[in-house]
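Notes for the one structure printed next.
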Amino acid sequence: MTPQMPLPHHPPARRLLRATTILFAVALLHLLAGIWSARQTGRAADPSASEAITVSLEPAPPPSPKPVPKASPKPPPKPHPKPPAPRPPPAPPAAPAAPAAEAPPLITGGQGNWQTAAGNGDEGGNAPADVVAPPMPASEPAPAPHPPAHAADAPPSVTLKYNVQGLRDGQKVYGSSKIAWRNQDGRYRIDGNASVLFFTLLQFSSDGVLDDSGVSPTLYSEKRFRKTATDTRFEHERNTITFSASDNRYPRPGDAQDRASFIWQLATIGRGNPAAFFTGADFTMLVAGVRDAEPWRIIVSGEDEIDADGGAISAWHLVRMPQPGSYDQKIDIWLAPGRQWYPLKIRYTEDNGDYLEMSISSLTPA
């Protein structure tokens, strides 16, 4: 058996002090443990407490400009109510249509009842001072040509030669004449001359078209002995007639003629409408000379027998009488229906009795 150690012997007061000290130490340890535990808990909840914080200071950016507020559009003004429209007055009764304005006369002065300028139609006549055709206004359209009054059938091409005899200043004169008529491709041309002894007294030409009205000239040229050549123009687009020998200007009707073409226009009418020719029938057309134009009235005098080709041929005798007071020529024309309505005889008579007569000597188709 193992021997036992003997226990020490303490008195009771010392045992009480020791127990009190132990209790105080235990309580102090518990208090320190609680404080330490609370500190550890606060550090865990705020980790930044143990870390260094670095702050960088930068200049503040300039303030961005405030957007300018857009002006709100003004509401459109409210339209004022319009006063009620007054009731239209009752329409006046329709006035009767005014009659169409007549073309003004182209001359002034006493010239009878003609409404176009009158003149002698040749190069040498002393035109009155007041014979001035008014200019055609540029802003107004030219008058339209008149519609054809007769059917048109122009004669075929031909060359006509004539024997000429006449009376001038009481003396007999003799000579020759030639007229060439050409009808081709809707156009025509006339070339003519008259000679006495060794002198050509007259040269003339007419050029133009053949249309529904018949012979429609565009240019007439004339050259008399010891005179300047002249031109008369028929402007179809403007429907006017103008002259190189004067400032006169006339409206151009569709059947206007010159002093050479009018004979062939009569022949064209006769071929197209023979019934238009009878004793007493008359034709009126505007005929232009070298200085002016005037309406010519041509009357059918009757049928005559004339000598041609060694025999008698029936021909219509037409007479152009000048207006009273005019110094223009009287013209006699004989158209032969049996010879394509060609002019087989022509006679010009002056107011003093002088005359020039052309009688056919040969007829050659061309």
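Residues 0 to 365 (numbering that gives the first Met the number 0) make up the sequence shown, in order. The beta carbon of each residue, even a glycine, is placed where N, CA and C say it ideally should be. Quick caveat: nothing in here was measured; it's all calculated off a predicted structure.
Residue burial classification, residue i (beta-carbon count within 10 angstroms, cutoff 16)
i	result
K171	exposed
N247	buried
Q183	exposed
G269	buried
I359	buried
Y187	buried
P216	buried
E236	exposed
M357	buried
A274	exposed
G174	buried
A311	exposed
G301	exposed
I345	buried
D306	exposed
T229	buried
G352	exposed
T231	buried
W180	buried
L355	buried
G207	buried
R251	buried
L196	exposed
T227	exposed
Contact under 8 Å by Cβ, residue i with residue j
i	j	result
I330	R319	yes
V157	P336	no
E221	F233	no
V286	F242	no
L159	Y347	no
G213	A151	yes
I299	T283	Inspection of the sequence shows that residue 299 is occupied by Val rather than by Ile. The answer is no: Cβ separation not under 8 Å.
W333	D308	no
L201	G185	no
P154	A266	yes
Y219	D254	no
E349	Q322	no
S245	D291	yes
I189	S205	yes
H149	G324	no
Segment limits, beta strand (DSSP E) that includes residue i
i	result
T158	157-167
L200	198-210
F233	229-234
T239	239-242
W263	Not the beta strand (DSSP E): W263 falls in the alpha helix (DSSP H), residues 260-271.
A179	170-183
S374	An answer regarding residue 374 cannot be provided, because it is not within the stretch 0 to 365 covered by the chain.
Beta bridge counterpart(s) of residue i as assigned by DSSP
i	result
K226	DSSP lists no partner for K226.
E356	Q164, R346
Q328	In DSSP, Q328 forms no bridge with anything.
R319	I297, I330
P252	Note: P252 sits in no beta bridge, so no partner.
G367	An answer regarding residue 367 cannot be provided, because it is not within the stretch 0 to 365 covered by the chain.
V289	BP columns for V289 are empty, so no partner.
A335	Y341
F282	I297
A314	D303
D366	In this structure the chain extends from 0 to 365, so residue 366 is not present and cannot be described.
S361	K160
S220	S204, D230
Legend entry - Contact the segment 252-261 vs the segment 287-300: 3+ CB pairs below 8 Å: For the pair of segments examined, the segment 252-261 was found to touch the segment 287-300: the number of CB pairs separated by less than 8 Å reaches three.
Inset, instruction - Would you check if the segment 162-179 and the segment 223-237 touch, i.e. whether three or more CB-CB distances between them fall below 8 Å? - result: In this structure the segment 223-237 does not lie against the segment 162-179, because fewer than three pairs of beta carbons, one per stretch, are closer than 8 Å.
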